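Step one of this worksheet: look at the structure below.
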Amino acid sequence: MSEKHIDQETGTETTGHEWDGIRELDNPLPRWWLWIFYACIAWSVVYWVLMPAWPAPPGMQGFTEGVVGNSERVNVAEDMQALQASRSEFFTRLDAAESYDAIESDPALFRFALAAGESNFANFCATCHGAGAQGFTGYPNLNDDVWLWGGSFNDIRTTLLYGIRSDHAETRYSQMPAYGADGLLSREQIRNVRDYVLSLSGGTGFDAAALSAGAEVFASQCATCHGDNGMGDRTQGAPDLTDAIWLYGGSPEQVENSIWRGPFGVMPAWEGRLDDPVITALTAYVYSLGGGEAETAAEGAAGE
Amino acid sequence: MSTARHNLISAPGVATHDVEAVNDAKKRKLYKKREPIYPKLVHGKFRLAKWVFMVLALGAYYFIPFLRWDRGPSAPDQAVLIDFEGRRFYFFFIEIWPQEIYYVSGLLIIAALALFLVSALFGRVWCGYACPQTVWTDLFIAVERLFEGDRNKRIKLDRAKWSFDKAWRKIGKHSVWLVIAAATGGAWILYFHDAYDTLSHFFTGGSPISAYLFFGVLTFTTYTLAGTMREQVCIYMCPWPRIQAAMTDRDALNVAYRVDRGEPRGAHKKGESWEGRGDCIDCKACVAACPMGIDIREGSQLECIQCALCIDACDDIMKKVDRPTGLISYDTDINIDRRHAGLEPIYKFLRPRVLVYAFALAIAGSIMLFGLTTRASLDVNVTRDRNPNFVQLSDGSVRNGYTLKVINRTHENREYRIAIDGPEGLEWRILGQEETRGLTVDVPAERTQDFRIFLTVPREAITASNQSVIFTVSPDGSDESRTAETVFLSGGSR
């Protein structure tokens, strides 16, 4: 700082700095501003005393705790506990729910189940089935009315608990042979049976000789699981080949490829990884997507 | 600026005031301590108008929360209520929901336009008469006068040493100020919760913490802004004087000193001739009356709130010295100039600016009125599922999912019938609802309810990838109906 410089115009002292001929007047701060400034300083001291503020030796938790004893970590933990407590009632009720109707007839529980199901679906299921449960090639669309292993509440719940071709002891299991890869059928036989399968769901324009040859192969190789008329069998997870839904694609190339390699879709078992009430919530959510089916006596028994 | 005090008496009861315009822009230093202002009580038509308006405005503010308005059992019966918890704003027959926030915008637009129009016509009448800062400051000054006397007594009291007399007057004044401030904060919170309920819980500590917080903030601001800061709020804190410059023009009425009549000013002795001099006897009654601490004779200034108290003060003097009143009066900039040039004053009220503001105000007002009078008690809204866009079903048919929102704004539970107009052979299902109820749904009073609706269209009816669907919702047994249009997606015919 050089000696004092007084501005001619105003008679006010300047800060002593000069930028391109411009000097800054060293006016005093407004009083109200100073008061607020001092008040803030005073408050900061109060705040240090009240709240965690300073680093401290590890013996003191590593910081000064403050008189109020506020801890955001503890607050969050308490909030989480309160949240769990507020939900526990619903989870208890979900655990006791035996059927979709039991959940649906209780509007509050139904809302809770769908919300819990939706968020858990996004966490655990959407990776394969898609965010809207729309599925991908090889991963079933859960919105439609086609269920490989059954679409009743108990069927869906069983699938969720034990998985499909998973490592769980009670997993749903079946395997389609890789007819081409393992050399069970020739390429021509596979093409014939492909044409026959496509004709089952209304496909036209196939060679009559190929169709009859394909029908023979179908009767000897495929009908055991897919049924004589190709309607499938849910106890074995064998899909209905006469409908409009194709898990592995419905184009001639895709169908031929499926027969050639024999699909082996796997879904993990969720029992033990997710709590039972959460699985129930997921079941209700998947059921509600539009394809849920009524419980049949036989399936109900099978699902037990 | 002025000569030494003179003892010339122009007329009985006319005294020259020993007063300086402390907020004169020329003399005011930026960082100096606030100079106290001791406005002198005046009598006259503008003072009376201000008293009347103060009583009306404060009366309305304190009384309105206690007005009742029957809305049925499901809604509060307070006429004016901002119900944050229930997410409603009630104003007599008007009821605004959060999704209708545009009504609040409309209200603000109308208020702004009205302010512009009034400013264009009469200058800062808002500042002078209606602004809460002005009203409460006026009230606080009245209380001050009650305890400490008028201008001269207050100056004397402030200069006097501390005594019992000074102490009780000061304590009394501040106590009454605090009571008024507390009542102001107290009335404020009554607008946000039921007034009677709040009153019965407030003193026992049973009100929500926000009520005490706002009570505290409003009490503090009322006390400081109206009691100790006063004119400083208008001069330093308020943006309106700056905006005002753009809102007014040379044809707007402002409180003004008639320079042509008043100058040259000077002391006048009774019996002296008025020839060759102005009517202003330089008694400074206008400065003594000014709550802003300015001298109106220096012309229109940012600090002037146009309260017109100087008009009353000057008219009083003019009557006493037997000169025409109106030396200070509402005048326009144009006429000040014209009078100076010896021309006749002209008044142009129907200026383009006035017409535009009036027109805009009329339009905004009618839109608002139309909106409020035709406001439906029912609203519907539909969103189509986007993930997935459509679901292929095994028999070749296609299903779309929709969320239909039905808003019941009435105060009773209602049953609504849904009609769906879409592709032929369309089948519907409402999630979570028994099939026996069909397309009839319940919505509780004042609630918005979501319904998940699945529509399935058979393969033959799918003629395009995008087919129109219209939901029509009507209350059971009523002609009123609302429609929501959407589409049915299928990815094209199969």
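From first to last, the protein sequence lines are chains Y and X. Taking our numbering, the leading residue of the first sequence gets 615, the next gets one more, and so forth. Taking our numbering, the leading residue of the second sequence gets 591, the next gets one more, and so forth. Backbone N, C-alpha and C fix where the C-beta goes; we use that ideal spot for every residue, glycine too. Just so it is clear, the structure is predicted and the values come from calculations on it, not from any experiment.
{"Check": "Through-space distance from residue 669 of chain X to residue 1071 of chain X, alpha-carbon basis", "Outcome": "29 Å"}
{"Check": "Sub-8 Å separation of residue 870 of chain Y and residue 771 of chain Y beta-carbons", "Outcome": "no"}
{"Check": "CB contact check: residue 956 of chain X to chain Y, cutoff 8 Å", "Outcome": "no"}
{"Check": "Segments assigned beta strand (DSSP E), at least 3 residues, entirely inside the segment 1032-1084 of chain X", "Outcome": "1037-1047, 1056-1065, 1072-1079"}
{"Check": "For residue 1014 of chain X, the nearest candidate out of X:985, X:1047, X:1007, X:1004 (CA to CA)", "Outcome": "X:1047"}
{"Check": "Range covered by the beta strand (DSSP E) that runs through residue 792 of chain X", "Outcome": "Here residue 792 of chain X belongs to no beta strand (DSSP E); instead the alpha helix (DSSP H) covers 785-792."}
{"Check": "Cβ neighbours of residue 734 of chain Y in the same chain (closer than 6 Å, five flanking residues each side left out)", "Outcome": "892, 896"}
{"Check": "Chain X contact residues for residue 748 of chain Y, given Cβ-Cβ distances below 9 Å", "Outcome": "977, 978, 979, 981"}
{"Check": "Helix, strand or coil at residue 611 of chain X according to DSSP, with G and I counted as helix", "Outcome": "coil"}
{"Check": "Near-chain X residues of the segment 722-746 of chain Y (beta-carbon distance less than 7 Å), N- to C-terminal order", "Outcome": "724, 745, 746"}
{"Check": "Cβ separation of residue 1006 of chain X and residue 942 of chain X, assumed to be a contact under 8 Å, to the nearest whole Å", "Outcome": "Between residue 942 of chain X and residue 1006 of chain X the Cβ distance is about 51 Å, and since that is not below 8 Å, they are no contact."}
{"Check": "Residue 843 of chain Y classed as buried or exposed, judged by whether at least 16 other C-beta atoms fall within 10 angstroms", "Outcome": "exposed"}
{"Check": "Outcome for residue 853 of chain Y when other beta-carbon atoms lying within 10 angstroms are tallied against a minimum of 16", "Outcome": "buried"}
{"Check": "Residues in the segment 982-1014 of chain X having any Cβ partner in chain Y nearer than 9 Å", "Outcome": "982, 983, 984, 985, 986, 987, 989, 991"}
{"Check": "Residues within the segment 1026-1056 of chain X neighbouring chain Y, beta-carbon criterion of under 7 Å", "Outcome": "1044"}
{"Check": "Any C-beta of chain Y under 8 Å from that of residue 832 of chain X", "Outcome": "no"}
{"Check": "Limits of the alpha helix (DSSP H) - the one that residue 776 of chain Y falls within", "Outcome": "767-776"}
{"Check": "Outcome for residue 762 of chain Y when other beta-carbon atoms lying within 10 angstroms are tallied against a minimum of 16", "Outcome": "buried"}
{"Check": "C-beta neighbour in chain Y for residue 696 of chain X, strict 8 Å", "Outcome": "no"}
{"Check": "When X:636, X:608, X:638, X:647 are compared against residue 628 of chain X, the one with the closest alpha-carbon", "Outcome": "X:608"}
{"Check": "Coil, strand or helix - residue 537 of chain X by DSSP", "Outcome": "A query on residue 537 of chain X cannot be resolved here, the shown segment of chain X reaching from 591 to 1084 and no further."}
{"Check": "Residues of the segment 636-662 of chain X with Cβ closer than 7 Å to any Cβ of chain Y, in chain order", "Outcome": "none"}
{"Check": "Contact with chain X by residue 713 of chain Y, beta-carbon distance below 8 Å", "Outcome": "no"}
{"Check": "Counterpart residues of residue 991 of chain X in DSSP-defined beta bridges", "Outcome": "X:1044"}
{"Check": "Residue 1011 of chain X: first and last residue of the uninterrupted beta strand (DSSP E) it sits in", "Outcome": "1004-1011"}
{"Check": "Where the beta strand (DSSP E) through residue 639 of chain Y begins and ends", "Outcome": "636-639"}
{"Check": "DSSP bridge partner residues for residue 943 of chain X (one or two, in chain order)", "Outcome": "Looking at the DSSP assignment, residue 943 of chain X forms no beta bridge with any residue, so it has no partner."}
{"Check": "Residue 1074 of chain X beta carbon less than 8 Å from that of residue 1003 of chain X", "Outcome": "no"}
{"Check": "Closest residue to residue 699 of chain X among X:1026, X:948, X:1023, X:1053 (Cα-Cα distance)", "Outcome": "X:948"}
{"Check": "Given residue 905 of chain Y as reference, the closest of Y:866, Y:876, Y:845, Y:758 once Cα atoms are compared", "Outcome": "Y:758"}
{"Check": "Near-chain Y residues of the segment 796-810 of chain X - C-beta to any C-beta below 8 Å", "Outcome": "none"}
{"Check": "Nearest neighbour of residue 835 of chain X, chosen from X:714, X:601, X:888 [CA to CA]", "Outcome": "X:714"}
{"Check": "Contacts around residue 777 of chain X, its chain only, beta-carbon distance under 7 Å, and the 5 residues preceding and following it disregarded", "Outcome": "651, 652, 655"}
{"Check": "Helix, strand or coil at residue 718 of chain Y according to DSSP, with G and I counted as helix", "Outcome": "helix"}
{"Check": "Within chain X, partners of residue 904 of chain Y - CB distance below 7 Å", "Outcome": "981, 989, 991, 1044"}
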